[in-house]
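Trainee:
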Amino acid sequence: MSPPDVIALRRYLDEGPTDRTISDAQQSVRLTDLSEHSCLIGGSSCELSGRSVLLATSRQLLSALAMIELDGIARRMLLCPPDVDWERLQILVAQAGIDTIVTDRPPSEYLSGKCAVLGIDLPARRAIKPEADHATEWLMLTSGTSGLPKIVRHTLDGLAGAIIADGPAHRRGATWATFYDIRRYGGLQIFLRALIGGGSMVLSEPGEAIVAHVARLRAGGVTHISGTPSHWRKLLMSGAAADFSPRYVRLSGEIADQAVLDGLAQAFPHASIGHAYASTEAGVGFSVDDGREGFPAHLIGQNQGGVEMKVIEGSLRIRSRRTARAYVGADAPPLVDAEGFVDTGDMVELRGERYHFVGRRGGIINIGGLKVHPEEVEAVINRHASVQMSRARSRRSPITGAIVVADVILANGTDENRHAAIRAEILGQCRDRLAVWKVPAMIRFVERLDVTAAGKLARTDA
Amino acid sequence: MLVRTKIFSAMKQIADEQKLTLPRLEDDLSLNETGFDSLAFAILVARLEDELGIDPFTVAEDATFPSTLGEFVRAYENVPA
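Protein sequences, first through last, are from chains C and D. The numbering of the first sequence is my numbering, which starts it at 6 and goes up by one. The numbering of the second sequence is my numbering, which starts it at 143 and goes up by one.
#1: Leaving out five residues before and five after C/S7 in sequence, what residues of the same chain have Cβ atoms less than 6 Å from its Cβ?
#2: Once DSSP output is grouped into helix, strand and coil, what is the label at C/G279?
#3: Once DSSP output is grouped into helix, strand and coil, what is the label at C/S50?
#4: Indicate the three-state DSSP secondary structure (helix, strand or coil) for C/S43 in the structure shown.
#5: Three or more C-beta pairs under 8 Å: does that hold for the segment 218-227 of chain C against the segment 246-253 of chain C?
#6: For C/E358, does the three-state DSSP call read helix, strand or coil?
#7: May I have a chain-ordered list of the alpha helix (DSSP H) segments no shorter than 4 residues that lie completely inside the segment 380-466 of chain C?
#8: How long is the line joining the alpha carbons of D/E175 and D/K148, rounded to whole angstroms?
#9: What residues in the segment 158-171 of chain D have a beta carbon less than 8 Å from any beta carbon of chain C?
#10: Which ranges would you report for the beta strand (DSSP E) in the segment 159-204 of chain C if only whole runs of at least 3 residues count?
#11: Using CA coordinates, which residue listed in C/T180, C/G258 and C/I27 is at the minimum distance from C/A463?
#12: Between which residues of its own chain and C/A170 is the CB-CB distance below 6 Å, once the five residues before and five after are set aside?
#13: So the candidates are C/H280, C/V341, C/A13 and C/R64; which of them puts its Cα closest to the Cα of C/A165?
#14: What are the start and end residues of the alpha helix (DSSP H) that includes C/K315?
#15: To the nearest angstrom, how far is it from the Cα of C/A384 to the Cα of C/V265?
#16: In the DSSP assignment, find the unbroken alpha helix (DSSP H) run with C/Y115 in it and report its ends.
#17: Look at C/R80 and C/R64 and say whether their C-beta atoms are less than 9 Å apart.
#18: Got a sec: is the Cβ-Cβ distance from D/S180 to anything in chain C below 9 Å?
#19: C/A467 to C/R327, Cα distance in whole Å?
#20: Verify the CB distance criterion: does C/A467 have a CB-CB separation below 9 Å to chain D?
#21: By alpha-carbon positions, which one of C/G306, C/V293, C/A287 and C/Y190 ends up nearest to C/D342?
#22: Compare the C-beta of C/V441 with all C-beta atoms of chain D and state if any pair is closer than 9 Å.
#23: What first and last residue would you give for the beta strand (DSSP E) that runs through C/F291?
#24: Can you tell me the Cα-Cα spacing of C/D186 and C/G374, whole angstroms?
#25: Return the residues of the segment 385-402 of chain C that lie within a Cβ-Cβ distance of less than 7 Å from chain D, sorted by chain order.
#26: Exposed or buried, which one is C/A440 when buried takes at least 16 other CB atoms within 10 Å?
#27: Would you report the Cα separation of C/L116 and C/I201, rounded to the nearest angstrom?
#28: Should the segment 333-348 of chain C be called in touch with the segment 94-110 of chain C, which here means at least 3 C-beta pairs below 8 Å?
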């Protein structure tokens, strides 16, 4: 029997104003058109009832349309970010038991032999939509940097948990945007916020110059926008923020240090600025709106709106209905411990009444037995007024095994004659605030720092 | 500039940064007496690698760390840059 209480994503198309849209750099789609039109080519959504579907589209927009059309119909759908090629998809398809591919690209011969393939385009054909009778499983890939990503299984209910809990009050008439790809957890949250909250959405476009992107955000009337601290630092550096005035600015996916929070408050004096803690596995933990780095200590140890958090051996653990349900695959490890907590691997430290994120468990640099997280060094470096962005990293040492060094991007127009003085000031700041082994042995000024496809500072050597 | 001068100048810089008082730098000064701990030496070796293009303690497989300042300087002088 089908569960009687399935609430499919499609149900939210009729919420809010009738002129809601979702757009990318090429096209704009009216959400109301999706109620009666299909985006599928070579088949109908009726045929996808109960199927396990891979969404592998070149554009985010097409994936968005497919998610709306298939939620409540398919047994499961696997969202695929653009940087996963067919070869790696073969393995993931087998792990997830995929039997159908929805794509606008020709799949590999191997995959088209194994699976039914349907095309997808903008909604053009009127179609009878089947009843939503499946609580569709949402499968997503983790954003791990090395090896094959893991597949995690979510439900729409869990994915939307934080959105429903926040209530509709502050997002009426919102037009959302994110620097993320909506096929990753951070981006999907924003897509769902737009859809469930009765708003519109402007999608990001890979490779688009930041100035062009911001012009599109303005033209699209974007009011609410989210990205990683790295995304935001890049925007602040570009100078493109000047003509853009969103009402709500959100950070997640990396540690939001005081420098980036202050930078955004200065750039967007009329916006409310919040930083959220979320991960693909742990879901949305909490968000903080007081403009300060870290989070209040009272969030730990109590059940806050269905989210329980504790700190064990320095790492944050989360239990809630918003966490992923499980890893998917034959040899998949357990996602939660015996008590149902996800170990996030994010290390926190209590300072006074607030917990501060200090880094990832796996990213620790070991200096002759003394430990440092690159992120805590960066947070101090970023406080210097001339610094836009920084990366601390390990450098091999024949004496201590490793030492900390830092690469720093200075603000545009910084006088080159001041470099030596700035370097000394940064080091002075580090010495005042950090233990001696955490102070970078060397600071190099660089033009750019790489950011991964998931919007995080690349830490290839970590 | 002589390798020796560069080494001494880098040592003075680190001593400044770490608020150490260096004794007079002479060849027979024991490295223990410089007041440098292993971290300070690690920083010194890394900076000298950037400045001189060599790290004599990683290059040689059987490298033993010198015990006097004179030996330390010779380790740099003996490696072809």
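By construction, the Cβ of each residue, glycine as well, lies at the ideal position given by its N, Cα and C atoms. Computed from a prediction, not measured in an experiment: that's the story for all the values here.
Mentor: The relevant details are as follows:
#1: Stepping through the first sequence from its first residue, residue 7 of chain C is reached at position 2. Since pLDDT at C/S7 reaches only 46, below the 50 mark, its modelled position is unreliable, and no value is offered.
#2: Locating residue 279 of chain C in the first sequence gives position 274, where the first residue counts as 1. In this structure, C/G279 counts as strand in the three-state DSSP scheme.
#3: Taking the first sequence and counting its residues from 1, one reaches residue 50 of chain C at position 45. In the structure shown, C/S50 sits in a helix (DSSP, three-state: H, G or I).
#4: For the purposes of this step, residue 43 of chain C is taken as residue 38 along the first sequence, with counting starting at 1. Three-state DSSP puts C/S43 in a strand.
#5: yes
#6: Here residue 358 of chain C corresponds to residue number 353 of the first sequence, with the count starting at 1. Residue state, collapsed to three classes: coil.
#7: 424-438
#8: In the second sequence, counting from the first residue as 1, residue 175 of chain D sits at position 33. In the second sequence, counting from the first residue as 1, residue 148 of chain D sits at position 6. If I take the Cα positions, the gap works out to 20 Å.
#9: E159 and Q160
#10: 180-183
#11: Here residue 463 of chain C refers to the residue found at position 458 of the first sequence. Closest by alpha carbon: C/G258.
#12: In the first sequence, residue 170 of chain C corresponds to position 165, counting from 1. Contacts found: G310.
#13: Taking the first residue of the first sequence as 1, we reach residue 165 of chain C at position 160. Looking at the Cα atoms, C/A13 is the closest of the given residues.
#14: Start at 1 with the first residue of the first sequence, and residue 315 of chain C comes out as number 310. Where C/K315 is concerned, there is no enclosing alpha helix (DSSP H), although the beta strand (DSSP E) it sits in stretches over V312 to I317.
#15: For the purposes of this step, residue 384 of chain C is taken as the residue at position 379 of the first sequence. For the purposes of this step, residue 265 of chain C is taken as the residue at position 260 of the first sequence. Going from the Cα of C/A384 to the Cα of C/V265 covers about 9 Å.
#16: Reading the first sequence from its first residue, position 110 is the one you call residue 115 of chain C. Unbroken alpha helix (DSSP H) run through C/Y115: E114 to K119.
#17: For the purposes of this step, residue 80 of chain C is identified with residue 75 of the first sequence, where counting begins at 1. For the purposes of this step, residue 64 of chain C is identified with residue 59 of the first sequence, where counting begins at 1. Not in contact: C/R80 and C/R64 (Cβ atoms no closer than 9 Å).
#18: If you number the second sequence from 1, residue 180 of chain D lands on position 38. Taking Cβ atoms only, chain C reaches closer than 9 Å to D/S180, which makes this a yes.
#19: Position 462 of the first sequence, counting from 1, holds the residue named residue 467 of chain C. Position 322 of the first sequence, counting from 1, holds the residue named residue 327 of chain C. Below a pLDDT of 50, predicted positions are generally treated as unreliable, and C/A467, at 41, falls in that range; no measurement from the model is reported.
#20: In the first sequence, counting from the first residue as 1, residue 467 of chain C sits at position 462. Here the model assigns C/A467 a pLDDT of 41, short of 50, so the residue's position is not dependable and the matter cannot be decided.
#21: Stepping through the first sequence from its first residue, residue 342 of chain C is reached at position 337. Per the Cα distances, C/A287.
#22: Taking the first sequence and counting its residues from 1, one reaches residue 441 of chain C at position 436. Yes, C/V441 lies at the interface with chain D (some Cβ there is under 9 Å from its Cβ).
#23: For the purposes of this step, residue 291 of chain C is taken as the residue at position 286 of the first sequence. Segment G288 to V293, the beta strand (DSSP E) holding C/F291.
#24: By 1-based counting over the first sequence, the position of residue 186 of chain C is 181. By 1-based counting over the first sequence, the position of residue 374 of chain C is 369. Cα to Cα, C/D186 sits roughly 39 Å from C/G374.
#25: R400 and S402
#26: Position 435 of the first sequence, counted from the first residue, corresponds to residue 440 of chain C. By the 10 Å Cβ count, C/A440 comes out exposed.
#27: As a working mapping, residue 116 of chain C is identified with position 111 in the first sequence. As a working mapping, residue 201 of chain C is identified with position 196 in the first sequence. If you take the alpha carbons of C/L116 and C/I201, they lie about 34 Å apart.
#28: yes
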